[in-house]
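Everything below concerns the one structure shown next.
2 protein chains.
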Amino acid sequence: MAQAAALSPLAPKSYPDLPPIDGVRFATAAAGIKYKGRTDVMLALLDKGTQAAGVFTRSKCPSAPVDWCRQKIKGGKARALVVNSGNANAFTGRKGLDQAKFTASLASKATGAPIGEIFLASTGVIGEPLDASKFDGVFETLIANARPDGLLEAARAIMTTDTYPKVATATAEISGVEVTINGMAKGAGMIEPDLGTMLSYVFTDAPIAAAALQAMLSRSAQGSFNAITVDSDTSTSDTLMLFATGAAAKRGAPKIATAGDRRLASFKRALDLVLLNLAHQVVRDGEGCRKFVEIRVEGAASATAAKAIAKSIANSPLVKTAIAGEDANWGRIVAAVGKAGEKADRDRLAIWFGDIRVAHKGLRDMTYDEKKTSAYMKGEKIDIRVDCGAGGKGVATVWTCDLTKEYVAINGDYRS
Amino acid sequence: MAQAAALSPLAPKSYPDLPPIDGVRFATAAAGIKYKGRTDVMLALLDKGTQAAGVFTRSKCPSAPVDWCRQKIKGGKARALVVNSGNANAFTGRKGLDQAKFTASLASKATGAPIGEIFLASTGVIGEPLDASKFDGVFETLIANARPDGLLEAARAIMTTDTYPKVATATAEISGVEVTINGMAKGAGMIEPDLGTMLSYVFTDAPIAAAALQAMLSRSAQGSFNAITVDSDTSTSDTLMLFATGAAAKRGAPKIATAGDRRLASFKRALDLVLLNLAHQVVRDGEGCRKFVEIRVEGAASATAAKAIAKSIANSPLVKTAIAGEDANWGRIVAAVGKAGEKADRDRLAIWFGDIRVAHKGLRDMTYDEKKTSAYMKGEKIDIRVDCGAGGKGVATVWTCDLTKEYVAINGDYRS
Chain A
142 MAQAAALSPL APKSYPDLPP IDGVRFATAA AGIKYKGRTD VMLALLDKGT
192 QAAGVFTRSK CPSAPVDWCR QKIKGGKARA LVVNSGNANA FTGRKGLDQA
242 KFTASLASKA TGAPIGEIFL ASTGVIGEPL DASKFDGVFE TLIANARPDG
292 LLEAARAIMT TDTYPKVATA TAEISGVEVT INGMAKGAGM IEPDLGTMLS
342 YVFTDAPIAA AALQAMLSRS AQGSFNAITV DSDTSTSDTL MLFATGAAAK
392 RGAPKIATAG DRRLASFKRA LDLVLLNLAH QVVRDGEGCR KFVEIRVEGA
442 ASATAAKAIA KSIANSPLVK TAIAGEDANW GRIVAAVGKA GEKADRDRLA
492 IWFGDIRVAH KGLRDMTYDE KKTSAYMKGE KIDIRVDCGA GGKGVATVWT
542 CDLTKEYVAI NGDYRS
Chain H
142 MAQAAALSPL APKSYPDLPP IDGVRFATAA AGIKYKGRTD VMLALLDKGT
192 QAAGVFTRSK CPSAPVDWCR QKIKGGKARA LVVNSGNANA FTGRKGLDQA
242 KFTASLASKA TGAPIGEIFL ASTGVIGEPL DASKFDGVFE TLIANARPDG
292 LLEAARAIMT TDTYPKVATA TAEISGVEVT INGMAKGAGM IEPDLGTMLS
342 YVFTDAPIAA AALQAMLSRS AQGSFNAITV DSDTSTSDTL MLFATGAAAK
392 RGAPKIATAG DRRLASFKRA LDLVLLNLAH QVVRDGEGCR KFVEIRVEGA
442 ASATAAKAIA KSIANSPLVK TAIAGEDANW GRIVAAVGKA GEKADRDRLA
492 IWFGDIRVAH KGLRDMTYDE KKTSAYMKGE KIDIRVDCGA GGKGVATVWT
542 CDLTKEYVAI NGDYRS
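Structure below.
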């Protein structure tokens with residue numbers, strides 16, 4: 142394992158209180174998958190009747206656990222979630238799927254839950270066989286130790302090159318009954334020869350059916366996890382899951398079957414908040430990052446076009462290195478807008494850094510103050526706004542971080 | 142201007158002899174656009190009857206000279222080419238087009254050629270107004286000094302952050318008559334707040350009509366300039382032009398009207414060679430590069446799919462940093478194949494570094510020798526071959542360079 146990276150300068154200053162969610166318990170253990178002296182496996186135990194939804198990587202080369210989950214999520218029910226760090230079980234062929242299955246069967250036996258309701262994820266080195274026999278006997282201990290307040294420790298056990306665990310919480314009300322949403326995420330990049338993996342798990346006590354969870358999760362992911370980028374390298378293992386134990390029904394919350402139900406308004410807002418919070422934390426732990434960058438594109442032909450333009454800016458190495466150099470280089474933003482391939486009008490384009498308009502009607506803004514702009518670029522949070530001039534109503538916001546020499550060092554130097 | 146970068150370690154050891162092409166003369170001057178103590182404008186004078194073809198950036202925010210050329214190339218005729226460095230005349234609004242027009246009118250007056258047969262390009266800072274009055278009187282001197290053997294000096298005058306001028310030459314025969322193709326290119330990236338600009342101009346004495354030139358140029362660009370990437374940032378100013386003076390007709394070469402003419406076989410091969418040579422030189426001058434990387438993808442559903450997968454690998458920051466770190470990180474190649482969105486079969490995927498097969502049938506190759514592979518990765522030229530396992534006949538090759546800390550330094554540090 143490479144040496145531990147220093148804590149990201151954009152790490153949160155403190156962790157929120159995480160109210161336990163009725164119906165979920167967590168435990169962690171050191172199974173010795175790869176790391177020494179730290180936990181590397183987490184188990185989330187879910188009460189019977191827990192509904193589940195999931196969004197998985199679109200990679201054409203997904204990991205074995207992603208294949209497993211994509212198959213099992215069709216049932217919409219979950220009883221346990223097992224995540225290990227230290228090995229991604231990706232690009233491990235038929236044997237990889239066998240090891241995933243073996244892990245699930247051990248968890249099923251220990252918990253007494255049907256194997257089809259066990260969900261899995263692995264994150265770490267790619268291409269190395271995962272030895273699932275290391276989990277033998279571990280589940281019994283995990284079950285014995287599972288606690289409702291173990292979320293933060295669970296988030297820590299699934300870290301790889303992350304410099305801090307990522308958790309978030311929010312409450313919502315459904316017909317006057319308070320429900321809780323707790324989430325965790327991991328993801329930063331890679332130091333060893335493995336794949337950057339983004340994993341996120343969200344839990345709630347709200348009594349919401351799987352189909353409704355799935356619809357809300359897919360929609361909410363668009364504006365959060367699908368709106369961030371560290372280095373444009375989609376992982377083979379990206380997984381986002383939402384589990385609803387339904388325990389709040391005991392306190393009078395109505396059971397809800399469809400995502401269109403108006404009683405979900407508060408829940409949807411809270412879910413958006415939790416996912417966005419976690420997604421931002423992933424960016425803030427981006428490898429080598431120094432600055433958190435928000436890019437908002439307006440005036441595009443459609444929301445899809447706006448997002449494509451925003452992603453083109455966010456993934457441009459030249460824009461990202463300019464931000465690292467504290468340079469308000471709007472010329473590179475123009476280039477990134479141009480290469481996105483979406484409709485834009487060069488002669489009506491406008492660009493802002495924070496509140497400072499640097500370009501207007503296809504020209505440098507004549508009132509633009511270089512000194513004020515330089516001062517703005519020294520900040521930790523950089524907001525870039527672009528009106529792409531296409532005259533449409535398409536708007537999108539994405540988040541990214543700067544590209545520093547440390548990113549290259551983390552991803553290139555570790556073997557030398 | 143930022144300090145001159147050290148010569149790229151991948152620069153050619155010597156320049157080829159460039160036989161003059163009948164009907165083309167070159168001259169350079171220091172017009173003081175931005176740089177001090179160096180040439181910054183070149184003029185290519187083309188004899189009457191010269192046929193022209195061009196390929197321009199697909200950016201939706203093209204520079205004013207690109208707008209100009211795209212309009213004028215429809216006529217298929219050229220008498221002069223004017224290129225300046227130090228200012229890109231991009232994102233300069235209506236005034237930018239006025240300055241381009243003014244430049245062309247000065248050149249037209251001085252040469253006596255119709256304004257519609259004057260071609261332009263500008264490369265350098267973006268968003269700064271170009272003061273075309275600096276060209277006033279310069280053309281008269283340029284015309285007086287124009288020489289058939291001035292190609293290398295011309296290539297030098299259009300450099301911005303390039304560390305060496307890029308030229309190439311080849312001969313071909315048309316019905317037994319030898320014709321010559323000479324070309325130049327510029328492009329490396331950016332140091333000042335401007336756009337990375339790729340410019341390339343190719344000249345021949347072959348008597349070939351504009352429509353045939355255009356068809357051949359578009360096709361040949363696909364496998365050369367459209368198959369390279371330094372940092373995935375498409376410029377606003379990319380321009381590739383081919384000029385045919387037709388002077389070889391005096392020596393008995395037949396006039397050729399269509400690209401399908403069989404007598405062009407040798408010419409097409411030579412054109413491909415010249416474009417590929419120039420495109421490789423651009424990559425070898427990629428900002429901060431240490432290694433020249435060839436990526437060949439086989440077994441894809443189509444040639445288009447193969448190219449998309451190859452570009453996905455070539456543009457992956459994780460693949461590029463791994464190569465900089467001399468790490469045969471095939472896991473990152475799997476991830477890049479997966480994210481390309483094209484058909485691939487993870488369980489039939491195979492990957493080679495040079496002749497060493499590191500992955501096979503969706504698994505690490507069991508015979509893979511870590512020591513041998515590490516030795517291979519220390520070389521200056523890295524060949525990566527991927528069979529994406531889709532079982533198709535689609536094949537594509539692209540070229541790129543590694544991503545080093547120097548790239549970040551060049552593009553982020555220069556203001557600090």
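Read top to bottom, the protein sequences are chains A and H. The working numbering numbers the first residue of the first sequence as 142 and each following residue consecutively. The working numbering numbers the first residue of the second sequence as 142 and each following residue consecutively. For every residue, glycine included, the Cβ atom is placed at its ideal position computed from N, Cα and C. Given the structure is predicted, the values throughout are model-derived calculations rather than measurements.
### Query
Using DSSP with H/G/I as helix, E/B as strand and the rest coil, what is H/ALA449?
The answer is helix: DSSP assigns H/ALA449 an H, G or I state.
### Query
Residues of chain A with CB under 7 Å from H/THR462, in chain order?
Ordered by position in chain A, the residues that pass the 7 Å Cβ test against H/THR462 are VAL549, ASN552 and GLY553.
### Message
Using C-beta distances below 6 Å, list every residue in its chain close to H/SER365, excluding the 5 sequence neighbours before and after it, in chain order.
### Response
Cβ neighbours of H/SER365 beyond the five flanking positions: LEU416, LEU417 and ALA420.
### Message
Run through the DSSP bridge pairs and tell me what H/ASN225 is partnered with.
### Response
Answer by DSSP bridge pairing, in chain order: H/VAL182 and H/SER263.
### Within-8 Å CB hit, H/LEU336 to chain A
Confidence at H/LEU336 is low in this model, with a pLDDT of 39, below 50, so the placement of that residue should be treated as unreliable; the coordinate-derived value is given next. It does: the Cβ of H/LEU336 has a partner Cβ on chain A nearer than 8 Å.
### Query
Is the region 303 to 314 of chain H close to the region 261 to 279 of chain H, with three or more CB pairs under 8 Å?
No, the region 303 to 314 of chain H does not touch the region 261 to 279 of chain H.
### Query
Listed from N- to C-terminal order along the chain, which residues in the region 212 to 226 of chain H have their beta-carbon within a distance smaller than 7 Å of any beta-carbon of chain A?
Of all residues in the region 212 to 226 of chain H, none is placed with a Cβ closer than 7 Å to any Cβ belonging to chain A.
### Task
Note down, in chain order, each residue of its chain lying with its Cβ closer than 7 Å to the Cβ of A/GLU319, except the 5 sequence neighbours on either side.
Within the same chain, A/GLU319 has close Cβ partners THR312.
### Task
Determine the burial state of H/GLY164: buried for a count of at least 16 other Cβ atoms within 10 Å of its Cβ, exposed for fewer.
The residue in question, H/GLY164, is buried, as its Cβ has 16 or more Cβ neighbours within 10 Å.
### Message
Determine whether the beta carbon atoms of A/THR191 and A/ARG220 lie at a separation below 8 Å.
### Response
With contacts defined by Cβ atoms closer than 8 Å, A/THR191 and A/ARG220 form a contacting pair.
#### Entry: Three-state secondary structure assigned by DSSP to H/SER515
In this structure, H/SER515 counts as helix in the three-state DSSP scheme.
### Task
For chain H, find out if any of its Cβ atoms is closer than 8 Å to the Cβ of A/PHE366; answer yes or no.
Residue-level contact check: A/PHE366 does not touch chain H, since none of the beta carbons of chain H fall below 8 Å from its beta carbon.
### Query
Under 8 Å between the Cβ atoms of A/ILE369 and A/VAL549?
In this structure, A/VAL549 does not lie closer than 8 Å to A/ILE369 by Cβ.
### Query
By the criterion of Cβ-Cβ separation under 7 Å, what are the contact partners of H/LEU544 in chain A?
Those are VAL549, listed as they occur along chain A.
### Query
Name the chain H residues that come within less than 9 Å of A/GLY503, Cβ to Cβ?
Here the neighbours are CYS202, PHE232, THR233, GLY234, ARG235 and GLY237.
### Task
Quick one: grab the DSSP three-state call for H/ARG498.
In the three-state scheme derived from DSSP, where H, G and I count as helix and E and B as strand, H/ARG498 is classed as strand.
### Task
Can you tell me which of the three DSSP states H/ARG199 falls into?
Looking at H/ARG199 - three-state DSSP - the assignment turns out to be coil, as it is neither helix nor strand.
#### Entry: Ranges of the beta strand (DSSP E) found wholly within the region 228 to 287 of chain A, counting only runs of at least 3
List check, beta strand (DSSP E) in window: 259 to 266.
### Query
Along chain H, in chain order, which residues have C-beta atoms closer than 8 Å to that of A/ALA442?
Scanning chain H for C-beta atoms nearer than 8 Å to the C-beta of A/ALA442 yields nothing, as the closest lies near 11 Å away.
### Message
Cβ closer than 8 Å: which chain H residues qualify as neighbours of A/LEU490?
### Response
By Cβ distance, chain H contributes CYS202 and PHE232.
### Task
Can you have a look at A/LYS480 and say buried or exposed, based on whether 16 or more other CB atoms are within 10 angstroms of its CB?
A/LYS480 is buried by the Cβ-count criterion.
#### Entry: Three-state secondary structure (DSSP) of A/MET357
Residue state for A/MET357 is assigned as helix, using DSSP reduced to three classes.
### Task
Look at the alpha carbon of H/LYS396 and the alpha carbon of A/TYR509, and state the distance between them as a whole number of angstroms.
Straight-line spacing of the CA atoms in H/LYS396 and A/TYR509 works out to 56 Å.
### Task
Please confirm whether H/MET339 and H/GLY324 have their CB atoms less than 8 Å apart.
In this structure, H/GLY324 does not lie closer than 8 Å to H/MET339 by Cβ.
### First through last residue of the alpha helix (DSSP H) which encompasses H/LEU416
Where H/LEU416 is concerned, the enclosing alpha helix (DSSP H) stretches over 406 to 425.
### Query
How big is the Cα-Cα spacing for A/VAL546 and A/PRO150?
It should be noted that the sequence gives Lys, not Val, for residue 546 of chain A. Distance between the alpha carbons of A/LYS546 and A/PRO150: 15 Å.
### Query
With 8 Å set as the bound, which would you pick, yes or no: does the beta-carbon of H/THR370 sit closer than that to a beta-carbon of chain A?
For H/THR370, the answer is no, since every Cβ of chain A falls outside 8 Å of its Cβ.
### As assigned by DSSP and simplified to three states, the class of H/ALA352
For H/ALA352, the secondary structure class from DSSP, reduced to helix, strand or coil, is helix.
### Task
Please name the residue or residues paired with A/LEU187 in a DSSP beta bridge.
The partner list for A/LEU187 (beta bridge, DSSP) reads A/VAL165.
### Message
Using only the alpha-carbon positions, how far apart do A/GLY387 and A/ARG404 sit?
### Response
Spanning the two alpha carbons is a distance of roughly 15 Å.
### Query
Listing by chain order, which chain A residues have their CB less than 8 Å from the CB of H/ARG487?
Per Cβ cutoff of 8 Å: LYS201, CYS202, PRO203 and PHE232.
### Query
Can you name, in chain order, every residue of its own chain whose Cβ lies under 6 Å from the Cβ of H/ASP290, other than the five neighbours on each side?
Closer than 6 Å at the Cβ level, and outside the excluded window around H/ASP290, lie PRO161.
### Message
Any C-beta of chain A within less than 9 Å: which residues of the region 455 to 480 of chain H qualify?
### Response
If you check each beta-carbon in the region 455 to 480 of chain H against every beta-carbon of chain A, the ones closer than 9 Å belong to ASN456, SER457, PRO458, LEU459, VAL460, LYS461, THR462, ALA463, ILE464, ALA465, GLY466, GLU467, ASP468, ALA469, ASN470, TRP471, GLY472, ARG473, VAL475, ALA476, ALA477, VAL478, GLY479 and LYS480.
### Query
Per the contact definition of three or more C-beta pairs closer than 8 Å, is the region 168 to 184 of chain H in contact with the region 220 to 234 of chain H?
As far as the Cβ criterion goes, the region 220 to 234 of chain H touches the region 168 to 184 of chain H, which means the pair count is three or higher.
### Task
Count the other C-beta atoms from every protein chain shown that fall within 10 angstroms of the C-beta of H/LEU544, then say buried if there are 16 or more, exposed otherwise.
The residue is buried, with at least 16 neighbouring Cβ atoms inside 10 Å.
### Anticipated Cβ contact below 8 Å, H/VAL343 with H/LEU383, distance rounded
Their Cβ separation, rounded to whole angstroms, is 5 Å, which keeps H/VAL343 and H/LEU383 in contact under 8 Å.
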